[in-house]
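Chemist: This is the structure I want to talk about, given as C-alpha cells.
Number of protein chains: 2
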Amino acid sequence: MADYTALPLTVLAEQFAKLPGIGMKTAKRLAYHVTTMSNSDVQEFSNALINVKCNIHLCDICQNFTDGVTCPLCSDHNRDGSIVCVVETPQDIAIFEKSGDFNGLYHVLHGLISPLGKVMPQDLKVSELLKRVQSGTVKEVIMATNSTVEGDATAIYIANLLKPLGVKVTRLAFGIPVGSYIEYVDDVTINKALENRNEM
Amino acid sequence: MADYTALPLTVLAEQFAKLPGIGMKTAKRLAYHVTTMSNSDVQEFSNALINVKCNIHLCDICQNFTDGVTCPLCSDHNRDGSIVCVVETPQDIAIFEKSGDFNGLYHVLHGLISPLGKVMPQDLKVSELLKRVQSGTVKEVIMATNSTVEGDATAIYIANLLKPLGVKVTRLAFGIPVGSYIEYVDDVTINKALENRNEM
C-alpha cells in the first residue's frame, strides 16, 4: 500500500494479510470494508477475536478447543467412550461429526510428527492419549490421521505405543473414494484399494 | 458450526463470514487460525480493527480516507490541483496512482447514483465536488467512474452540474484494452473503440 493510504487502513490490511489464504489485495479490500461497518459491528468483531484467545482452552480429556472444562462431546453420556478416534486438528472432528455415523469420542493431536518441520511426539498430545488409554475405559483407538507420510508415520508411532497397553488399534480404510470414476483415481490409491480388497 | 464447537470460535467465525468474499468454510478456518496466534498478535489485530473506525475519517478536500485533516495527496504541493479525477471509491485512487502517469488530485464520490439501489446524488460527495470547483482552482474534472450504467449515469449527471461552472469536464477513454486480442473483445467495446477512433 503506497503511503497516501491512511496508516490505520494499512495496518489493518497487514493484519488481515497475516491470515492464511489472504493476500495483500484481498486484505486491502477487507480493510476498506471495515470502514463501511458500523462502530458496534467493528467492536463485536474486535471482541470476538480477543474472546477466542481469552476463553478458549483445550478440553481436559480430548484436547479439543472448548470454553468449558470438558468439551460438549466428552460431557455427552450418549457417546461411546470405549472408542476414541485420533485426529490431527479440531477441524477434523467436524468432518467426522458431519458424516454422522461415528458415536465414539475423539482425541486431538494438534499436529503430526514431522522431523523436517521439527515437530516431535512431545510437541503433540500423545502423552495425554496414553494416559487416557491407561485409565482403562478405552477399548479401541482409531488412527484417523491423513494419508500422508507424516500422517502414516504418526499413526504407526502411536500404534506402537498403544498396542502394549492391550487396546485395539485400527486405521481408517484407504481406497477409492465413493462415487468416483476409477479412470481418474491415482496409482497409489488403486494399489491401496487392491491391497485392501474385501471379499464380497 | 455444530454445537460441539466452542462458542467463542463460532462467534468469531460468524464475524469473519460477514466480510465480503469470505464464506462460512473459510471463516471457520480463519477462526481456528486465530487460536494459533500469539496473544499479542490477536491484540494487535483487534486494535487495528478499532483504530480504523476511530482514527479514519474523510479528507476535507478530496473525501478520501485519511487519519489527518487533509490526506497526503491533497497536502502534497507537487501535485497539480487544477486537474481533479473523480472516482467512485478510495480503492480506485490506488489504481490510478499505481499507473503513475497522473499527477493531479482526486475526488471520491463514495458510490454511484443508482435509483434501484436507492443511492441518490445527495448520498454521494457531489456537493463537496461542486464547492471545490466553485472555489476556483480546478480547471479540468476527469470523470473516472466505471463503464457501467451507474458509472455512466453518474458521470453524465455530474458533468451537467459542472459545465455551467465553466470548468472542462472529460471522461476516461473507453476502448480495446492495451495488449489484448481483438478476437476476444466484446461487441460493445468494439463499437466504442470504433466510435472513438483517433486519426493516426
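Order-wise, the sequence lines are chains B and D.
Position one of the first sequence corresponds to residue 1 (the numbering used here), numbered consecutively onward.
Position one of the second sequence corresponds to residue 201 (the numbering used here), numbered consecutively onward.
The beta-carbon is built from N, C-alpha and C at its ideal position, and this holds for glycine as well.
Note that the structure is a prediction, hence the values are computed from the model and not measured.
(1) Mind checking Met-343 (chain D): buried by the 16 CB within 10 Å criterion, or exposed?
(2) Secondary structure at Ala-206 (chain D), three-state DSSP: helix, strand or coil?
(3) Find the nearest neighbour of Gly-221 (chain D) within the set B:Ile-95, B:Lys-18, B:Thr-26 and B:Leu-105, judged by alpha-carbon distance.
(4) List, in chain order, every chain B residue whose beta-carbon is nearer than 7 Å to that of Ser-246 (chain D).
(5) Taking His-107 (chain B) as the reference, which of B:Gly-117, B:Ile-61 and B:Gly-151 has the closest Cα?
(6) If contact means a Cβ-Cβ distance below 9 Å, which residues of the stretch 64–78 of chain B contact chain D?
(7) Start and end of the alpha helix (DSSP H) containing Thr-26 (chain B)?
(8) Just checking: is the beta-carbon of Arg-371 (chain D) within a distance shorter than 8 Å of some beta-carbon in chain B?
(9) Tell me the rounded alpha-carbon separation between Arg-229 (chain D) and Asp-76 (chain B).
(10) Could you work out which residues of chain B lie near Ile-295 (chain D), taking near to mean beta carbons separated by less than 8 Å?
(11) Are the CB atoms of Val-87 (chain B) and Leu-109 (chain B) within a distance shorter than 8 Å?
(12) Going by DSSP, what residue range makes up the alpha helix (DSSP H) through Val-167 (chain B)?
(13) Work out the CA separation of Ala-355 (chain D) and Arg-371 (chain D) for me, nearest whole Å.
(14) Is it the case that the Cβ atoms of Ala-231 (chain D) and Leu-207 (chain D) are separated by a distance below 8 Å?
(15) Go through its chain and collect everything with a Cβ distance to Glu-350 (chain D)'s Cβ below 7 Å, but skip five positions before and after it.
(16) Could you check the C-alpha separation between Gly-336 (chain D) and Met-37 (chain B) for me, to the nearest Å?
(17) Cutting at 7 Å between CB atoms, please list the residues of its own chain near Val-242 (chain D), excluding the five before and the five after it.
(18) Strictly below 8 Å CB to CB, what residues from chain B border Val-242 (chain D)?
(19) For Tyr-4 (chain B), count the other beta carbons within 10 Å of its own beta carbon; 16 or more makes it buried, fewer makes it exposed. Which is it?
(20) Put Phe-260 (chain D) into one of helix, strand or coil per three-state DSSP.
(21) Can you say whether Gln-334 (chain D) is buried or exposed, counting buried as having 16 or more other CB atoms within 10 angstroms of its CB?
(22) Is any beta-carbon of chain B found at less than 8 Å from that of His-233 (chain D)?
(23) Would DSSP call Phe-65 (chain B) helix, strand or coil?
(24) Are the CB atoms of Ala-173 (chain B) and Asn-196 (chain B) within a distance shorter than 8 Å?
Modeler: Taking the structure as given:
(1) buried
(2) coil
(3) B:Thr-26
(4) Ser-46, Leu-49 and Ile-50
(5) B:Ile-61
(6) Asn-64, Phe-65, Thr-66, Asp-67, Gly-68, Cys-71, Pro-72, Leu-73 and Asp-76
(7) 24–36
(8) no
(9) 25 Å
(10) Simply none; closest approach about 11 Å.
(11) yes
(12) Careful: Val-167 (chain B) lies outside any alpha helix (DSSP H) and carries neither H nor E.
(13) 8 Å
(14) no
(15) Leu-312, Ile-313 and Ser-314
(16) 35 Å
(17) Val-234
(18) Leu-49, Ile-50, Val-52 and Lys-53
(19) buried
(20) In the sequence under discussion, the amino acid at residue 260 (chain D) is Asp, which differs from the Phe named in the question. It is coil, neither helix nor strand.
(21) exposed
(22) yes
(23) strand
(24) yes
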